[in-house]
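Below: the structure, in structure tokens.
In the numbering used here, the protein residues as written are 212 to 1144.
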């Protein structure tokens, strides 16, 4: 019989039998060889933690009948932390075995090894053959794989009018393996423009990088200064969130609403739909919107929405979405809720009710689940913390106010119950002295391990002015286990300043800040005595004693500030201290629209882990021209304690460079607006290069419609590991604006300023509106637009004082005190008074070298109407008035010097007064006689 291919069955059988015999022979030979000489490690797996030493024994067994000679034992690579391994050759008789110790220490470089396999090559000879075999074991590292995101302080202040307003975000890889992460930022509530809003970082093991985030505020007249910045870190390897934090921001804005009402309107009454695409492939459609409308005469409603739709997956995510109803002084909000002044992060989905009674009293209660998403299918809907709380605010508008709050948080994920109570008061005395106190109590309880912590916090601040002295004392303390935002912190800042003149001041300052928190154990693991793996610990401190002298010469401003500073940072794994003598210098000036600023800080420092001292320098040069800015920074050697983690250049000599440029523009009759930013950062310390370019564009199609666009491209390159990558994102959309509304019970006050040339209070032909004029309603400041208009939103009923550009001597053609009990829309005439300049000149006798000082002498100008105006002589012996048209008697009443003409009469016309009023004076009772020889 033959198979189908024609091969005889007998031949096929013989072939199979032959191969079977060969394979059997080989297996016997292999087994015999394996049995004769066995090389392996005693333990296949060893658990290690940083700083520990461990030993694993290399076992060599000679099961043959012949003697062997072990010639070499060599590690497969140069392992960091390898303390000892056998290097001498030896013989091993038949039937003998030997255990050879291999000892290592798990230092930082060892923990950062890419591979967890430790391999050795063993060479030996027998009477007949020379062979090399390998043996290896694996280490299991005790590693924290989280990415920490934080700032140097729990409060971050932003000046929206400064082109350099920014915060420094510290991103720390707490593990030992290299990570590539994406940092996403989200403002809560919406209203902050962050550049970059998303950034990709490549972090080596235990590496910390500082990321500068530029902050701008959208629509400052409709937003309030309290924001939370939610930062998340996503590992690009598996697209998992590996770290998050909520940062507290305070916007120092001089253009905001008068009263908060019960809750501010988010956004700016708009709806926008946009398409987002990025290189990670997570593309989506985004809907954002906010609108305000009246349900009936007494009921007002606000609605905000944020939604993403991932069209390829058919999934969606609903966030920052809420509905608010307001009736008289009561506001109800359901959906995504956030709140402030609890000394605890409060945001999630639920409801909040607040009501005002009396003039400045308010009660707020809330209940929510701590989840950023309202609902969706894209992210898994996990169960978050259940938070209930209440707050009572009291006081009057100016001199005294305070609040008391209580909050309960049940966290089912960590099995912890938390209670926080906080109270603050603020007292203003004589408009010069401000005293603020704070007191807090908390309790945390672990529901599994039954551990419990009680904590407390307190604070006392003083700011005041006594003559030419400025005094500031800021103090706060929280116990390690206090569950509020200030957990385990101590802060003391004492500053005394002295104003010598308008262009000279000096100060001395002492600051001591520490963060040393204590947390409950992880409830997922039972508490084990002397085991720190279930605990969390970190410590940061800074102590500074410094002084400074500031002075100005014409358009140049100078600062010299010597300091002595001690910094420390520690956790379970590392501890670093840095002691420094520093000298900071700042020089700035302006030439028209050009501005320059140069800052340099030289340090002479000592690392506590090394005996020698080292020099370091950080310098920044900034250039600004209108809406364009260019900034460059260079750093040589470690400036702060976080820079001490250098794993490549053990001699500490390294340099970091950073160049950043931004441009804000408006063109095509202000229909096209936007911003462009670009920057690059090279770190010789961490051997990497990061670059980023981004832009925002908005084009007005009509007064209420706009098209929008955004792009971001970032790239990184690691020269240490020859790796690189990049990330891109772009967005384009369409945006619709709606008219804004004022809260119920409050009013809208609108002024239009114009130059009242004939002083009749009416805007007439030939009289121009006044743009960019500063307007104050009591202490609230705004700036007129190109049409001379300024709007104050949400103004409560009351009496207010209007002031306009006091420094320029402008005069209102109206009663500055107004009653607000309804909406006001008023044209305000402004008479710009003429500037009258004068100077005091000394008449000196021959050989008189004694200098005089006329600074502070008062000069008077009495008009025909009997009104007396005053001016003060400055350091340049000059003075100036702003006077309306008319005749004035200008005089000096001071008997320290003798004046040749103490009374002078001047005439101010419509064209002004172009001459300089000169008062000549000489010393009294001083005669210099010269004797001739």
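Beta carbons are placed, not taken as given, at the ideal position from N, Cα and C, and that holds for glycine. Quick caveat, the model's predicted, so the values are computed rather than measured.
Range of the contiguous alpha helix (DSSP H) that encloses residue i
{"i": "residue 321", "result": "319-322"}
Three-state class that DSSP yields for residue i in the structure shown
{"i": "residue 879", "result": "coil"}
{"i": "residue 1070", "result": "strand"}
{"i": "residue 1065", "result": "coil"}
{"i": "residue 448", "result": "coil"}
{"i": "residue 860", "result": "At residue 860 the pLDDT is 47, less than 50, meaning the model places this residue with poor confidence; the figure from the coordinates comes in the next sentence. Three-state result, residue 860: coil."}
{"i": "residue 348", "result": "strand"}
{"i": "residue 166", "result": "This structure does not reach residue 166, given that the chain is present from 212 up to 1144, and the question cannot be answered."}
{"i": "residue 853", "result": "helix"}
{"i": "residue 628", "result": "strand"}
{"i": "residue 247", "result": "helix"}
{"i": "residue 466", "result": "Low confidence applies here, because residue 466 scores a pLDDT of 37, under 50, leaving its location unreliable; read the following figure in that light. Of the three classes helix, strand and coil, the one that applies to residue 466 here is coil, per DSSP."}
{"i": "residue 526", "result": "strand"}
{"i": "residue 1126", "result": "coil"}
{"i": "residue 291", "result": "coil"}
{"i": "residue 1133", "result": "strand"}
{"i": "residue 455", "result": "strand"}
{"i": "residue 725", "result": "strand"}
C-beta contact flag for residue i and residue j at 8 Å
{"i": "residue 269", "j": "residue 311", "result": "yes"}
{"i": "residue 1031", "j": "residue 1080", "result": "no"}
{"i": "residue 731", "j": "residue 664", "result": "yes"}
{"i": "residue 427", "j": "residue 395", "result": "no"}
{"i": "residue 208", "j": "residue 302", "result": "Residue 208 is absent from the structure shown; the chain starts at 212 and stops at 1144."}
{"i": "residue 316", "j": "residue 264", "result": "yes"}
{"i": "residue 526", "j": "residue 589", "result": "yes"}
{"i": "residue 635", "j": "residue 666", "result": "no"}
{"i": "residue 1110", "j": "residue 1124", "result": "no"}
{"i": "residue 1088", "j": "residue 1051", "result": "yes"}
{"i": "residue 800", "j": "residue 771", "result": "no"}
{"i": "residue 943", "j": "residue 486", "result": "yes"}
{"i": "residue 686", "j": "residue 726", "result": "no"}
{"i": "residue 414", "j": "residue 393", "result": "no"}
Member of the options whose CA lies at the smallest distance from the CA of residue i
{"i": "residue 493", "options": "392, 940, 890", "result": "940"}
{"i": "residue 749", "options": "728, 737, 735", "result": "728"}
{"i": "residue 523", "options": "500, 556, 488", "result": "488"}
{"i": "residue 451", "options": "547, 822, 356, 800", "result": "356"}
{"i": "residue 970", "options": "1044, 888, 775, 525", "result": "1044"}
{"i": "residue 496", "options": "680, 483, 562, 1121", "result": "483"}
{"i": "residue 582", "options": "1012, 624, 725", "result": "624"}
{"i": "residue 405", "options": "251, 424, 443", "result": "424"}
{"i": "residue 574", "options": "876, 606, 799", "result": "606"}
{"i": "residue 904", "options": "973, 891, 645", "result": "891"}
{"i": "residue 1027", "options": "999, 989, 1003, 1063", "result": "989"}
{"i": "residue 758", "options": "733, 792, 528, 255", "result": "792"}
{"i": "residue 737", "options": "661, 292, 691, 454", "result": "661"}
{"i": "residue 441", "options": "456, 449, 893", "result": "456"}
{"i": "residue 849", "options": "407, 499, 790", "result": "790"}
{"i": "residue 803", "options": "879, 822, 836, 701", "result": "836"}
Run of the beta strand (DSSP E) containing residue i, from where it starts to where it stops
{"i": "residue 973", "result": "It is not in any beta strand (DSSP E) - residue 973 carries neither H nor E in the DSSP assignment."}
{"i": "residue 404", "result": "403-406"}
{"i": "residue 774", "result": "767-782"}
{"i": "residue 803", "result": "No beta strand (DSSP E) holds residue 803; DSSP gives it neither H nor E."}
{"i": "residue 714", "result": "Unbroken run through residue 714: none, as it is neither H nor E."}
{"i": "residue 519", "result": "510-521"}
{"i": "residue 328", "result": "328-336"}
{"i": "residue 360", "result": "358-361"}
{"i": "residue 259", "result": "256-259"}
{"i": "residue 409", "result": "409-414"}
{"i": "residue 284", "result": "279-286"}
{"i": "residue 300", "result": "Run containing residue 300: none; DSSP gives neither H nor E here."}
Proximity test, residue i beta-carbon vs the ligand SAH heavy atom, cut-off 7 Å
{"i": "residue 285", "result": "Ligands are entirely absent from the displayed structure, and the ligand SAH is therefore not among its contents."}
Chain C within 8 Å of residue i, Cβ atoms only
{"i": "residue 917", "result": "Note that chain C does not occur in the displayed structure, where there is just one protein chain."}
Legend entry - Residue ranges of each beta strand (DSSP E) within the region 913-946, 3 or longer: List check, beta strand (DSSP E) in window: 916-929.
Legend entry - Every unbroken beta strand (DSSP E) inside the region 977-1032 [3 residues or more]: Runs of the beta strand (DSSP E) inside the region 977-1032: 985-988, 991-994, 1000-1006, 1009-1015, 1021-1023, 1028-1031.
Inset, instruction - Write down every uninterrupted run of the alpha helix (DSSP H) in the region 582-614 whose length is 4 residues or greater and which is fully enclosed by it, in chain order. - result: Runs of the alpha helix (DSSP H) lying entirely within the region 582-614 and spanning at least 4 residues: none are present.
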